[in-house]
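Student: In numbering that gives the first Met the number 0, the protein residues as written are 0 to 640.
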Amino acid sequence: MTQYSWLIPVPVLLPLLAAGLALVLGRRSIAQRVLSLIVLSTTTVVSVILAFAVNNGPIVVDAGSWAAPIGVTLVVDRLAATMLVVSQIVTLGVLIYSLAQSAIDDDPRAPVAVFFPTFLVLSAGVSNAFLTGDLFNLYVGFEILLAASFVLITMGATRGRVRAGSVYVVVSLFSSVLFLAGIALTYAATGTVNMAQLSQRLPEIDPGTSLMIQAVLFTAFGIKAAVVPLQAWLPDSYPTAPAPVTAVFAGLMTKVGVYALIRLQVLLFPGGRMSTLLTVIGVATMLLGILGAIAQDDIKRLLSFTLVSHIGFMIWGLALVNEWGLAAAIYYAAHHILVQTTLFLICGLIERATGTTSLSRLSRLYRTAPVIAVMFLVAGFNLVGIPPLTGFVGKLALAQASAQAGTVQAWILLGAGILTSFLTLYAVTKWWNLAFWQTAEDSHSALTSVVVRPGAPEAIRQGAQRQLDRVRDVHVAVAERSRRASRASRTETELTRSSSSRVMYAVVGVLIGIQILMAVASGPIWDYVTRAASDQMARTPYIQAVLRSDGRGIGTSADKSGGTQSVPQTPDPANTTKAEGGEPDAQRTHFLPVTPFPSDGASPTESAQSSAQETTDDGITNVGVLLPQFLPEQMRVGDGQ
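#1: What residue range does the beta strand (DSSP E) around residue 58 cover?
#2: Suppose the cutoff is 6 Å on Cβ atoms and the five residues either side in sequence are ignored; what does the same chain contact list for residue 30 look like?
#3: Mind checking residue 426: buried by the 16 CB within 10 Å criterion, or exposed?
#4: Identify every run of the beta strand (DSSP E) within the segment 184-251, keeping only runs that are complete inside it and at least 3 residues long; order them along the chain.
#5: Look at the alpha carbon of residue 324 and the alpha carbon of residue 79, and state the distance between them as a whole number of angstroms.
#6: Considering Cα atoms alone, identify which of 219, 238 and 543 is closest to residue 229.
#7: Residues bridged to residue 357 by DSSP?
#8: Can you tell me which of the three DSSP states residue 157 falls into?
#9: Thinking C-alpha only, which one of 435, 414, 216 and 293 is nearest residue 693?
#10: Can you give me the Cβ contacts of residue 267 inside the same chain, cut-off strictly under 7 Å, excluding the 5 residues immediately before and after it?
#11: Between the Cα of residue 92 and the Cα atoms of 518, 390 and 504, which residue gives the shortest distance?
#12: Of the choices 215, 312, 429 and 89, whose alpha-carbon is the least far from that of residue 512?
#13: Look up residue 73 in the DSSP assignment and say whether it is helix, strand or coil.
#14: Using DSSP bridges, identify the partner residues of residue 131.
#15: Sort 397, 223, 521 and 122 by Cα distance to residue 417 and report the nearest one.
#16: Apart from the five residues on each side of it in sequence, which residues of its chain come closer than 7 Å, Cβ to Cβ, to residue 105?
#17: With a Cβ-Cβ cutoff of 7 Å, do residue 336 and residue 250 count as a contact?
#18: DSSP on residue 2, reduced to helix/strand/coil?
#19: Which of the three DSSP states, helix, strand or coil, is assigned to residue 268?
#20: Identify, in the order they occur along the chain, each residue of the same chain with its Cβ nearer than 6 Å to the Cβ of residue 379, setting aside the five sequence neighbours on each side.
#21: Can you give the Cα-Cα distance for residue 303 and residue 533, rounded to whole angstroms?
#22: Please state the DSSP three-state secondary structure of residue 82.
#23: So, is residue 294 buried or exposed, given that buried needs 16 or more other C-beta atoms within 10 angstroms?
#24: What are the start and end residues of the alpha helix (DSSP H) that includes residue 390?
#25: From residue 39 to residue 84, what does the alpha carbon distance come to, in whole angstroms?
#26: Taking Cβ to Cβ, would you say residue 319 is nearer than 7 Å to residue 400?
#27: Going by C-alpha distance, which of 314, 98 and 126 is nearest residue 263?
#28: Taking 7 Å as the threshold (beta carbon to beta carbon), is residue 376 in contact with chain B?
#29: Please say whether residue 297 and residue 356 have beta carbons closer to each other than 7 Å?
#30: Taking its Cβ as the centre, do 16 or more other Cβ atoms sit within 10 Å of residue 61, making it buried, or is it exposed?
#31: State buried or exposed for residue 19, treating a residue as buried only when at least 16 other CB atoms are found within 10 Å of its CB.
#32: Would the segment 154-165 count as touching the segment 225-240 if we require 3 or more Cβ pairs under 8 Å?
#33: Once you ignore the five residues that flank residue 529 on each side, which residues in its own chain have a CB closer than 6 Å to its CB?
#34: By Cβ distance below 7 Å, which residues in the same chain neighbour residue 602 in space, the five residues on each side in sequence not counted?
#35: Could you have a look at residue 320 and say whether DSSP puts it in helix, strand or coil?
Shown next as structure tokens:
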């Protein structure tokens with residue numbers, strides 16, 4: 000067993016086990032909170048350790064010691080480690096934020112006893128999606144996410160949340176059905192769902208079948224990632240949920256889809272066959288998303304549209320089909336997880352301070368909430384890409400990748416990205432001005448100048464004017480109540496709320512600090528994601544880590560420290576690699592003991608010799624040789640029929 004391989008299942012198994020224990024604890028909310036905090040803190044530390052450990056090559060663990068391609072394999076490489084670290088940091092931050100919010104919220108409709116177990120299940124699903132090495136287990140991860148997210152998005156069972164949850168579930172189920180159909184097509188065509196083995200077998204099947212599989216899987220993952228034209232569900236679903244739920248959804252859910260698209264386009268279907276389609280989707284996602292955001296009056300909805308828009312930047316990097324573009328896409332995904340989560344948490348602070356997220360009812364918040372104003376401005380400028388923040392680093396890398404590619408598609412993507420960035424700058428400054436700077440009368444005049452056009456028909460102008468007048472009256476009344484409340488004496492309950500609110504402010508401040516730290520350390524981080532992109536484009540490190548000649552197809556993997564007896568095999572140069580210095584470039588183990596299959600009384604050496612005579616072209620032992628009584632002739636992997 001290698002030094003770190005036993006840590007790989009921890010981000011998946013530990014939250015699942017803790018979720019079951021949290022359900023047993025029931026309404027012992029303090030115990031649930033402490034348990035959740037300990038578990039997610041542990042998984043965050045584990046993810047950081049794994050991120051450093053993969054510098055020696057991808058690390059692989061076989062669930063139950065059933066080696067690939069039979070069993071479920073968990074793989075952590077630099078790409079998975081990057082996404083895992085950022086997702087765990089965000090999940091832990093949102094948990095702490097929600098702990099503070101629960102201390103000051105007294106909503107009888109919110110089933111707090113269910114929130115923490117469900118949140119842990121969500122974390123396990125995200126980790127499973129990032130770490131899995133086969134398509135079907137990726138589908139399982141998506142379904143874990145779907146089940147947990149439906150509970151979270153309908154928390155409180157209000158009319159709006161149930162409606163949004165219903166839309167979300169219907170769309171997600173459609174995506175899951177497509178994904179399952181794609182898995183069935185893939186297995187029928189190749190006889191495997193292991194992604195490393197698929198990368199070798201998919202080029203050998205009929206091109207039409209390959210294109211159909213790619214299209215089905217791309218559509219399923221595109222829905223998860225909310226790319227245009229598959230994004231309509233997102234702006235209606237996210238804004239209704241509580242702030243912590245919306246924040247973790249915005250940060251992670253779509254990025255799981257983006258991660259799956261990267262694996263699909265780079266590992267399974269390399270060569271840029273769909274680069275033109277990706278270009279069209281990337282341009283449309285960037286521009287339509289930000290134009291939709293500009294038209295919104297509610298901060299939650301406009302942030303949902305910016306979320307869609309900036310998914311397009313990741314598609315931009317993927318569409319370039321070069322190493323620099325892929326590295327930029329990975330970096331931008333990590334950046335966007337942090338900044339989008341931060342903005343939604345700030346939105347929760349705004350809603351707590353004012354009781355609303357409507358821009359038409361907000362004004363001059365910089366006087367009553369200057370810290371919120373500064374945090375929103377910093378996070379917003381990071382979203383825009385103002386130097387020297389991480390958004391600027393990611394967009395500059397994308398621009399350089401387009402310049403390196405030098406194709407018409409690359410220049411189109413560059414132009415769309417620049418235009419989207421300017422529109423994002425306009426949108427952020429407009430939102431900040433309306434919410435934090437202008438008075439009620441200024442906001443009313445600004446909205447009037449936009450809505451009540453001089454050339455519009457008189458009836459429309461009068462109706463719009465009456466509606467805006469009503470909005471102004473409500474806004475002024477809300478502002479006056481806020482001023483009276485600020486002059487009132489502070490009770491003990493209000494002091495408690497202030498103390499809990501400081502924790503929420505601290506979480507947002509830490510997330511902004513991490514973004515600034517990423518900008519300061521952009522050199523080492525960029526080097527890390529560049530190596531991650533290089534490994535993905537080469538594909539060899541990942542494939543050789545999973546499909547090594549140490550028991551492939553027998554159900555065991557080499558474990559020199561455990562009691563499992565591994566069956567020797569004839570080494571295959573295509574699947575056996577050594578790094579510099581003679582050390583293996585990948586680390587492998589299994590985390591459950593297993594007894595090797597008997598071979599009709601034959602010795603392990605005799606069994607290995609007979610097995611070696613029936614290997615496939617890619618070095619994977621024919622399963623039918625070992626299990627003839629269970630598998631018919633047609634189902635034997637690598638049978639060639």
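Just so it is clear, CB atoms sit at the ideal spot from N, CA and C, and this is done for glycine as well. Just so we're clear, the structure is a prediction, and the values are computed from it rather than from any experiment.
Tutor: Reading it off the structure:
#1: By one-based count along the sequence shown, residue 58 stands at place 59. Looking at the DSSP string, the run of the beta strand (DSSP E) that includes residue 58 is 58-61.
#2: Within the sequence shown, the letter at position 31 stands for residue 30. The answer, listed in chain order, is 24.
#3: If you number the sequence shown from 1, residue 426 lands on position 427. Label assigned to residue 426: buried.
#4: none
#5: Residue 324 sits at position 325 when you count from the first residue of the sequence shown. Residue 79 sits at position 80 when you count from the first residue of the sequence shown. Answer to the nearest angstrom: the Cα atoms are 17 Å apart.
#6: Stepping through the sequence shown from its first residue, residue 229 is reached at position 230. Measuring from the Cα of residue 229, the nearest candidate turns out to be 219.
#7: Locating residue 357 in the sequence shown gives position 358, where the first residue counts as 1. Note: residue 357 sits in a beta bridge opposite 297.
#8: If you number the sequence shown from 1, residue 157 lands on position 158. Coil.
#9: The shown model of the chain, from 0 to 640, leaves out residue 693, and the question about it has no answer.
#10: Taking the first residue of the sequence shown as 1, we reach residue 267 at position 268. Only 194, 197, 198 and 201 meet the Cβ criterion.
#11: Reading the sequence shown from its first residue, position 93 is the one you call residue 92. Comparing Cα-Cα distances from residue 92 to each of 518, 390 and 504, the minimum goes to 504.
#12: As a position in the sequence shown, residue 512 is number 513, starting the count at 1. Selected option, being the one with the closest Cα: 89.
#13: By one-based count along the sequence shown, residue 73 stands at place 74. Three-state DSSP puts residue 73 in a strand.
#14: Translated into positions along the sequence shown, residue 131 becomes position 132. Answer is 73.
#15: Position 418 of the sequence shown, counted from the first residue, corresponds to residue 417. The option with the nearest alpha carbon to residue 417 is 397.
#16: Taking the sequence shown and counting its residues from 1, one reaches residue 105 at position 106. Confidence at residue 105 is low in this model, with a pLDDT of 44, below 50, so its placement is unreliable and no value can be given for it.
#17: Position 337 of the sequence shown, counted from the start, is the residue given in the question as residue 336. Position 251 of the sequence shown, counted from the start, is the residue given in the question as residue 250. The answer is yes: Cβ separation under 7 Å.
#18: Taking the first residue of the sequence shown as position 1, residue 2 is located at position 3. Here residue 2 sits in coil by DSSP.
#19: Start at 1 with the first residue of the sequence shown, and residue 268 comes out as number 269. Of the three classes helix, strand and coil, the one that applies to residue 268 here is coil, per DSSP.
#20: In the sequence shown, counting from the first residue as 1, residue 379 sits at position 380. Counting only Cβ-Cβ distances below 6 Å, and skipping sequence neighbours, we find 427.
#21: Locating residue 303 in the sequence shown gives position 304, where the first residue counts as 1. Locating residue 533 in the sequence shown gives position 534, where the first residue counts as 1. Their backbone Cα atoms lie some 32 Å apart in a straight line.
#22: Stepping through the sequence shown from its first residue, residue 82 is reached at position 83. DSSP places residue 82 in helix when its eight states are reduced to three.
#23: Residue numbering aside, residue 294 sits at position 295 when the sequence shown is read from its first letter. The residue in question, residue 294, is exposed, as its Cβ has fewer than 16 Cβ neighbours within 10 Å.
#24: Taking the first residue of the sequence shown as 1, we reach residue 390 at position 391. Its alpha helix (DSSP H) spans residues 389-404.
#25: In the sequence shown, counting from the first residue as 1, residue 39 sits at position 40. In the sequence shown, counting from the first residue as 1, residue 84 sits at position 85. Looking at the two C-alpha atoms, the distance is approximately 12 Å.
#26: If you number the sequence shown from 1, residue 319 lands on position 320. If you number the sequence shown from 1, residue 400 lands on position 401. Taking 7 Å as the Cβ cut-off, residue 319 and residue 400 qualify as a contacting pair.
#27: Position 264 of the sequence shown, counted from the start, is the residue given in the question as residue 263. Residue 263 has its Cα closest to that of 314, out of 314, 98 and 126.
#28: The structure shown contains no chain B; it holds only a single protein chain.
#29: Start at 1 with the first residue of the sequence shown, and residue 356 comes out as number 357. Start at 1 with the first residue of the sequence shown, and residue 297 comes out as number 298. Going by C-beta atoms, residue 356 is nearer than 7 Å to residue 297.
#30: Here residue 61 is taken as the residue at index 62 of the sequence shown, counted from 1. Under this definition residue 61 is a buried residue.
#31: Against the sequence shown, residue 19 aligns to sequence position 20. Answer is exposed; the Cβ neighbour count stays below 16.
#32: yes
#33: Along the sequence shown, read from residue 1 onward, the residue named residue 529 stands at position 530. Hits under 6 Å: 326.
#34: Position 603 of the sequence shown, counting from 1, holds the residue named residue 602. Residue placement at residue 602 is poorly supported in this model, since its pLDDT is 40, which falls under 50; the coordinates still yield a value, given next. Within the same chain, residue 602 has no close Cβ partners at all.
#35: Here residue 320 is taken as the residue at index 321 of the sequence shown, counted from 1. Correct three-state label for residue 320: coil.
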